[in-house]
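Chains as they are written, first to last, in our numbering: chain A, 25 to 408; chain B, 93 to 320. Note that beta-carbon positions come from the ideal geometry of N, C-alpha and C, so glycine has one too. Each remark here refers to the structure printed beneath this line.
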C-alpha cells in the first residue's frame, strides 16, 4: 500500500510539474510526435502495401509462363499450352490476355484484363473503384458509374466505346483499383493481338514442391519462355517495398537526426529552476531514488503521449490521407497510377519494436542529467 | 539530543581554494529548547546547521543523534533520519512555484507513501493552524510574503519532526513578520519541539524565548551561552 501511495504521490507531483513547464514540454512533445509520426508512417505504409501484394497473390496461379522476344516479354502462342499441359504434375494451363492502357484524357494508366464471363457480352466492361473518366479536355476527372460509357482509343487511333456493367468489390485495392475487365473480342480489337496468341500462360500445379522441376521442363520444351512462380513475385514485391521503405528512412535520416538532436538537447538540459527544485526536494527529505523516479515518470508520460499521438497521426496519414507525404517514393509509379487507398493493417510486433526503440531510450536519456543533479549534496540549497 | 564531537568541515580539500568552514567544534544540543547560532557572515553558522540537520557530513568528527552515531550512515539512511527527525525552514523559503500551498506542505511526506487522504488532512490541519486554510489551493506565488513564510513553516512540520532547523528565517522579513515568526517558534517549543536557528538578526537573538545562544566566529564556537 505504502509503495503504491508513494508512486501515486510522485506521479501526481510529476504531472503538476509538467504543467509548470508547458513551453518546454510542448516543444519537446511536438518534435517527438513528429519523429514518431514519420517512422510509424513508413512502417504502416510498407506493411500495408506488402499485405496488399500478398492478398493479391493469394489467388494467383502457382506459375506464370511468359515468352521472351529479344529479352523482353512478348505474346506467347496458345499452342505452347498443349505441350506444357502434358508435363506430369501440371493440373491445368490457361492462356491469359492482359495489358496496360494509358488514358490521355484522365492521365492515368489502367490494367486491362480479359474476363471469360464477359466473352459472351462484347461491348461491356467491369471496372475497379479508382477508375475515373474525363469526358472532355479541361474537365474534372469523375468516378465512373454503372451504365456509363468509357471511351477507348484502339491501336489504330479509332474509338471504341464500352459500357460499364459492374464495379469490382474492394478486397485489395492494389489489385482492383486500376483494373478494367473486358471481353476477349474487345481486347483484341483494342491492341491488335492475334487470335492464336496470349499475353502469358497460367498454370495450376498439384504439388508446389514440383515447381522447380516443372519450370526446368518448360524451358527445355520451349527455350524462349520464362516461368515465374508465385513465390518469386511475392519476394520481388517485398524486396521492392522494403527497399522503398529503406529509401525513405535514408532520405529522412538527416531530418530525423536534426530532430533527435533537438529533442536530446531539450530533454537532457536541466534549467536552473529544475536544478534548484531537485536541490529543494533533496533538502526536504527526498532520496536520490525518489528524484529519479519522478524524472522516470516525467520521461514516460511525455514519450507515451507523443508515441500515441504520433502513431495515431501516422495511421490517419497512411490509411486516410493515402500517405500523402511520401507517396511518390513509396508507390513508385504514382504519376501513372490512379487514386489508391490502402486497407488498414497494423502489425503489433513492429509497433512494439518502434515503442521500445523510442520510448525506452528517451526515458533513459532524460534520467541521466537528473541523476547528476540528484546526487548533489542537499545542503547546496542552503547556500543559494 | 544532538551531540557534535571534534567536528571539522573542509570545502575543496587539497585544492588551492581549500576552506575550513568548521574547526574543532564540540557542542551538545538539548531537547525542547530554542538554540540560536549567532555570528557574522562566514562564521560557519549555516555549515553547522547543515551538519546538525544531517544535510552535510563533516570532514572529521562524530555526530550523535539520541546517543546513536549517525556520522557514517549511507545517504539513504541519513535521508530517512532527516525526513523523520528534522523540519527545515530556509532563508529563501525554497517553496516550489506553480503548485498549490497544500501540495508544497505535503511534499516532504511524499516518499513515505502515506495514504493520500490522511496526508491531505494533516496538511490542511497545519494550514488551518496558521490561518491559511482558505489559501490551500492557491498557487504559492499568489501568496504574500507572510503567508509564504507560514506555508514554509507548515511544510517543516508535516512529518511531525522533533527538531525544527531554521536558517536566517527573518532575513527577508519586516519587523512585524519577524516577531510573528518568533511567536510561532515559541508555540512550537511549548509543544515540545527542539528548535535550532542560525541568525545574526537582533530580533531573533534578543528574543526572550531563546534558551541558548551559541556565538560563532571563524568556524569555531566562541561562547555557548545558556540563558537562565
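Listing by chain order, which chain A residues have their CB less than 8 Å from the CB of residue 167 (chain B)? In the second chain, counting from the first residue as 1, residue 167 (chain B) sits at position 75. In chain order: 311 and 312.
Within 8 Å, strictly: CB atoms of residue 120 (chain B) and residue 187 (chain B): One-based indexing of the second chain puts residue 120 (chain B) at position 28. One-based indexing of the second chain puts residue 187 (chain B) at position 95. No, these two residues do not count as a Cβ contact at 8 Å.
Contacting residues, own chain, Cβ-Cβ under 7 Å from residue 101 (chain A) (five flanking each side not counted): Within the first chain, the letter at position 77 stands for residue 101 (chain A). Only 220 and 221 meet the Cβ criterion.
Just confirm the distance between the C-beta atoms of residue 136 (chain A) and residue 124 (chain A), as a whole number of angstroms; I'd bet it's less than 8 Å. By 1-based counting over the first chain, the position of residue 136 (chain A) is 112. By 1-based counting over the first chain, the position of residue 124 (chain A) is 100. Indeed they touch by this definition, with Cβ atoms about 7 Å apart.
How is residue 294 (chain B) classed by DSSP in three states: helix, strand or coil? In the second chain, residue 294 (chain B) corresponds to position 202, counting from 1. It is helical.
Quick one: using the 10 Å Cβ neighbour count with 16 as the cut-off for buried, is residue 391 (chain A) buried or exposed? On the first chain, position 367 is the one that residue 391 (chain A) refers to. Buried, because 16 or more other Cβ atoms sit within 10 Å of the Cβ of residue 391 (chain A).
Can you tell me which of the three DSSP states residue 158 (chain B) falls into? Start at 1 with the first residue of the second chain, and residue 158 (chain B) comes out as number 66. Here residue 158 (chain B) sits in coil by DSSP.
Taking 8 Å as the threshold (beta carbon to beta carbon), is residue 362 (chain B) in contact with chain A? Limits of chain B in this structure are 93 at one end and 320 at the other, which puts residue 362 (chain B) out of reach.
So which of B:303, B:196 and B:203 has the shortest CA-CA distance to residue 219 (chain B)? As a first step, residue 219 (chain B) is located in the second chain; it is residue number 127 there, counting from the start. Per the Cα distances, B:196.
Any beta-carbon of chain B closer than 8 Å to the one on residue 29 (chain A)? By one-based count along the first chain, residue 29 (chain A) stands at place 5. Yes, its Cβ sits closer than 8 Å to a Cβ of chain B.
Can you check whether the C-beta of residue 34 (chain A) is within less than 8 Å of a C-beta belonging to chain B? Sequence index remark: in the first chain, residue 34 (chain A) carries index 10 (1-based). Yes - at least one Cβ of chain B is within 8 Å of the one on residue 34 (chain A).
Beta-carbon of residue 304 (chain A) versus every beta-carbon of chain B: anything under 8 Å? The residue given as residue 304 (chain A) occupies position 280 in the first chain. Yes, residue 304 (chain A) counts as interfacial toward chain B.
Per DSSP, what kind of secondary structure is residue 31 (chain A) in: helix, strand or coil? Position 7 of the first chain, counted from the start, is the residue given in the question as residue 31 (chain A). Of the three classes helix, strand and coil, the one that applies to residue 31 (chain A) here is helix, per DSSP.
Nearest-angstrom Cα separation, counted from residue 97 (chain A) out to residue 224 (chain A): Numbered from 1 along the first chain, position 200 holds the residue referred to as residue 224 (chain A). Numbered from 1 along the first chain, position 73 holds the residue referred to as residue 97 (chain A). One C-alpha to the other measures close to 9 Å.
Figure out for me which residue from A:31, A:152 and A:313 has the closest Cα to the Cα of residue 396 (chain A). Residue mapping note: residue 396 (chain A) aligns to position 372 of the first chain, counting from 1. The shortest C-alpha separation from residue 396 (chain A) is found at A:313.
Would you report the Cα separation of residue 242 (chain B) and residue 36 (chain A), rounded to the nearest angstrom? Along the second chain, read from residue 1 onward, the residue named residue 242 (chain B) stands at position 150. Along the first chain, read from residue 1 onward, the residue named residue 36 (chain A) stands at position 12. If you take the alpha carbons of residue 242 (chain B) and residue 36 (chain A), they lie about 24 Å apart.
Is the beta carbon of residue 253 (chain B) sitting closer than 8 Å to the one on residue 177 (chain B)? Start at 1 with the first residue of the second chain, and residue 253 (chain B) comes out as number 161. Start at 1 with the first residue of the second chain, and residue 177 (chain B) comes out as number 85. Going by C-beta atoms, residue 253 (chain B) is nearer than 8 Å to residue 177 (chain B).
Does the pairing of the segment 141 to 158 of chain B with the segment 200 to 215 of chain B give three or more beta-carbon distances under 8 Å? no
Is residue 315 (chain B) buried or exposed, if buried means 16 or more other CB atoms sit within 10 Å of its CB? Along the second chain, read from residue 1 onward, the residue named residue 315 (chain B) stands at position 223. The residue in question, residue 315 (chain B), is exposed, as its Cβ has fewer than 16 Cβ neighbours within 10 Å.
Could you list which residues in chain B have their beta carbon closer than 7 Å to that of residue 301 (chain A), in chain order? Position 277 of the first chain holds residue 301 (chain A). 188, listed in chain order.
Note down, in chain order, every chain B residue with its Cβ under 8 Å from the Cβ of residue 40 (chain A). Working through the first chain from its first residue, we reach residue 40 (chain A) at position 16. Simply 190, 191 and 195.
Taking 8 Å as the cut-off, decide whether the C-beta atoms of residue 279 (chain A) and residue 69 (chain A) are in contact. Position 255 of the first chain, counted from the start, is the residue given in the question as residue 279 (chain A). Position 45 of the first chain, counted from the start, is the residue given in the question as residue 69 (chain A). Not in contact: residue 279 (chain A) and residue 69 (chain A) (Cβ atoms no closer than 8 Å).
Measure the alpha-carbon distance for residue 283 (chain B) versus residue 202 (chain B) and round it to whole angstroms. Translated into positions along the second chain, residue 283 (chain B) becomes position 191. Translated into positions along the second chain, residue 202 (chain B) becomes position 110. Going by the C-alpha atoms only, they are around 24 Å apart.
Beta-carbon proximity of residue 228 (chain B) to residue 129 (chain B), cut-off 8 Å: Position 136 of the second chain, counted from the first residue, corresponds to residue 228 (chain B). Position 37 of the second chain, counted from the first residue, corresponds to residue 129 (chain B). Cβ atoms of residue 228 (chain B) and residue 129 (chain B): not closer than 8 Å.
Going along chain A, which residues have a C-beta under 9 Å from residue 214 (chain B)? Position 122 of the second chain, counted from the start, is the residue given in the question as residue 214 (chain B). Per Cβ cutoff of 9 Å: no residues; residue 214 (chain B) is ~13 Å from chain A at best.
With a cut-off of 8 Å, does the C-beta of residue 37 (chain A) fall near any C-beta of chain B? Mapped onto the first chain, residue 37 (chain A) falls at position 13. True, the Cβ-Cβ gap to chain B drops below 8 Å.
Could you tell me the alpha carbon to alpha carbon distance between residue 272 (chain B) and residue 61 (chain A), rounded to whole angstroms? Here residue 272 (chain B) refers to the residue found at position 180 of the second chain. Here residue 61 (chain A) refers to the residue found at position 37 of the first chain. Cα-Cα distance, rounded: 58 Å.
Given the structure, does residue 193 (chain B) come close to the ligand FMN, in the sense that its CB is under 7 Å from one of the ligand's heavy atoms? Of ligands this structure carries none, so the ligand FMN is not represented either.
For residue 284 (chain B), which three-state DSSP category applies? On the second chain, residue 284 (chain B) is found 192 positions in, with the first residue counted as 1. Coil at residue 284 (chain B), not helix or strand.
Comparing C-alpha positions only, which one of A:216, A:202 and A:139 sits nearest to residue 177 (chain A)? Here residue 177 (chain A) is taken as the residue at index 153 of the first chain, counted from 1. Considering only alpha carbons, the answer is A:216.
Using a cut-off of 8 Å between C-beta atoms, extract the partners of residue 44 (chain A) located in chain B. For the purposes of this step, residue 44 (chain A) is identified with residue 20 of the first chain, where counting begins at 1. 189, 190 and 191, listed in chain order.
Quick one: what's residue 96 (chain A) bridged to in DSSP? Reading the first chain from its first residue, position 72 is the one you call residue 96 (chain A). Answer is A:93.
Note down the Cα distance separating residue 308 (chain A) from residue 200 (chain B), rounded to an integer number of angstroms. Looking up residue 308 (chain A) in the first chain gives position 284. Looking up residue 200 (chain B) in the second chain gives position 108. So the alpha carbons of these two residues sit roughly 5 Å apart.
What three-state label does DSSP hand residue 102 (chain A) in the structure shown? Numbered from its first residue, the first chain carries residue 102 (chain A) at position 78. Correct three-state label for residue 102 (chain A): coil.
Backbone secondary structure at residue 346 (chain B) - three-state DSSP: With chain B running from 93 to 320 in the structure shown, residue 346 (chain B) is simply not present.
Three-state secondary structure (DSSP) at residue 226 (chain B)? As a working note, residue 226 (chain B) is residue 134 in the second chain. Helix, per DSSP.
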